Structure formats: structure tokens, C-alpha cells
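Working notes, structure below.
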Amino acid sequence: MTKMKFLKKYGFLFLLVALLREINLPFFMGFFSETSKHVWLLSELGQPGMLLRNAFKIWEIIDGILFILAAPYLANRFKQYSRKMAITFGWLIALYGIGDCLMTALFDYSTNYFTDPAAFLHAFGSFIGSGALLLINFSLLLLAKKNQQPKIMLSIILLMLCSVIAGSLVELKIFAWPLINGILQCVMLDTLYLPLLVIAAKDTFLWISGFFAKNNSH
Numbered sequence: 065m066t067k068m069k070f071l072k073k074y075g076f077l078f079l080l081v082a083l084l085r086e087i088n089l090p091f092f093m094g095f096f097s098e099t100s101k102h103v104w105l106l107s108e109l110g111q112p113g114m115l116l117r118n119a120f121k122i123w124e125i126i127d128g129i130l131f132i133l134a135a136p137y138l139a140n141r142f143k144q145y146s147r148k149m150a151i152t153f154g155w156l157i158a159l160y161g162i163g164d165c166l167m168t169a170l171f172d173y174s175t176n177y178f179t180d181p182a183a184f185l186h187a188f189g190s191f192i193g194s195g196a197l198l199l200i201n202f203s204l205l206l207l208a209k210k211n212q213q214p215k216i217m218l219s220i221i222l223l224m225l226c227s228v229i230a231g232s233l234v235e236l237k238i239f240a241w242p243l244i245n246g247i248l249q250c251v252m253l254d255t256l257y258l259p260l261l262v263i264a265a266k267d268t269f270l271w272i273s274g275f276f277a278k279n280n281s282h
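Residue numbers (this note's numbering): 65 to 282.
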């Protein structure tokens, strides 16, 4: 089995692990703890002087690589609908891994976007990644519409609305408490992760079921 065939066949495991790691990152990094009570955004955990700076960066680099490795799987999974859709899903998940994980890990966060090249690249990567994740969900919405799946359509619409509202509240800085803004950022991301998490978890379950069924048949 070639490397590409392996990634196409078992890439759901990379995707599942990456998503679970991203969802659990705030808890492992103590984002909601007393020591991080003045931290507004997850990216600030990677700033110079932060206690878990290196751990945060390594965590994000690993996740970025996992998302990229999952690209062939997503492309292969959706090629039954169209070649264009397959390429779209593959590139978008890879872009998310590059932008929102690798670039945000390699370049330090700062609000001085136009004077600090590293801060600009960090913000640019985050923008690309967030846009890619949003487009993945929008593509899943269009696919659900094409397949006449109203319940899935409604679920994705509600999740996207929650994400956009939470993200807008973070950007507008309506709340003066870092903890609330941190929770909103997690809501913004996790609601967009959920459809992909369901897909990866479903394929993992089918793989495990098939594995045991095959062994029991012998």
C-alpha cells in the first residue's frame, strides 16, 4: 500500500485525532485556569513569556500536520459526488491546517498587524484557516441540500450561525472579561468542528465495526 493510498483509507483517524486535540487544547493548556485569567484569545498562549508557549506551539504544529494528512481522505470520501467537490474538501482542510495551526504556531500573536511582520502573518494565517473551515461547513450544507437532507441542513445552519455570532462578539469586544471572550472563541471554533467530527467519528466507527466483523468471520 502506497503512502497516498494509506492516507486516503485511514485519513479519518488523523482527522479525528486532530479535531479532538483542537477541542481539548484549551483545557490541556489551562486556558480557563487562574493562571490564564488575563488571556483573551487562544493565540495569546503562544506569546513570548507565556508559561506554556512552547507546548502550545508544538501542539498546533502537530495538529496542522494531522489536518494536512487528512486531506487525501476527505478528497477521496467526497469524490463520489464530483471531482470538483473532492478537490475542494481536500484543499480546504489542508489550508486550515496550514493557516490556523502551522502559521499561528510559527508566528507570534500581536495586535500590531501592520508594523510587525510576524503578527501580520499570524493574523493572515488565522484568517485563511477560519475562512477555510467556514467554507468546509458551507460545502457540507450545499451537499446536504443536494442530497435532500433537511435535518442535516438545519443542523449545519444553526452551527454556522452560532459560530458567526460568537466570532462577532469576540471581534467587537463587547464583553470586558477575558474568560467570556475565551469561551466565545471556543464556541466559534467548536461549532465549526462538529460536522467534521461527526464524519470522522462515523467513519472510525464503521472501520472498527468492519475490523471486528472480519475477525469474527474467521
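From the three backbone atoms N, C-alpha and C, an ideal C-beta is built for every residue, glycine too. Model, not experiment: these values are computed from the prediction.
Span of the alpha helix (DSSP H) around residue i
i	result
Ser203	Pro181 to Lys210
Leu233	Pro214 to Leu236
Leu106	It is not in any alpha helix (DSSP H) - Leu106 carries neither H nor E in the DSSP assignment.
Asn140	Ala135 to Arg141
Inter-residue Cα distance where the pair is residue i and residue j
i	j	result
Ala135	Phe78	9 Å
Leu115	Leu106	13 Å
Ile229	Pro112	30 Å
Lys237	Tyr74	41 Å
Phe153	Thr175	31 Å
Leu138	Ala82	14 Å
Phe76	Phe269	10 Å
Met65	Phe202	33 Å
Asp172	Asp127	17 Å
Ile247	Leu80	22 Å
Lys278	Ile272	10 Å
Pro242	Phe92	18 Å
Leu253	Gln212	26 Å
Leu223	Gly110	28 Å
Glu235	Leu166	22 Å
Ala240	Ala265	37 Å
Gly193	Pro214	28 Å
Residue i: CB within 7 Å of a non-hydrogen atom of the ligand FMN
i	result
Ser146	Only the bare structure without any ligand can be found here, which leaves the ligand FMN out of the picture.
Three-state secondary structure assigned by DSSP to residue i
i	result
Tyr160	helix
Met252	helix
Met68	helix
Gly113	coil
Met167	helix
Met93	coil
Asn88	helix
Ala318	It is not possible to answer for residue 318, since the shown part of the chain is limited to 65 through 282.
Cys268	According to the sequence displayed, residue 268 carries Thr and not Cys. Thr268 falls in the helix class under three-state DSSP.
Phe275	helix
Asp172	coil
Tyr145	coil
Tyr177	coil
Burial state of residue i (16 or more Cβ within 10 Å)
i	result
Thr168	buried
Arg147	exposed
Lys209	exposed
Tyr145	exposed
Gln249	buried
Thr255	buried
Met68	exposed
Ile190	What sits at residue 190 in the sequence shown is Ser, not Ile. By the 10 Å Cβ count, Ser190 comes out buried.
Pro259	buried
Ala182	exposed
Phe142	buried
Leu218	exposed
Beta-carbon proximity check, residue i vs residue j, cutoff 8 Å
i	j	result
Val262	Cys226	no
Leu133	Leu71	yes
Gly163	Ala187	no
Phe131	Tyr160	yes
Trp123	Leu84	no
Ile216	Ile157	no
Ile129	Tyr257	no
Leu204	Ile220	yes
Cβ of residue i within 8 Å of any chain D Cβ
i	result
Val251	Chain labels in this structure do not include chain D; a single protein chain is all it has.
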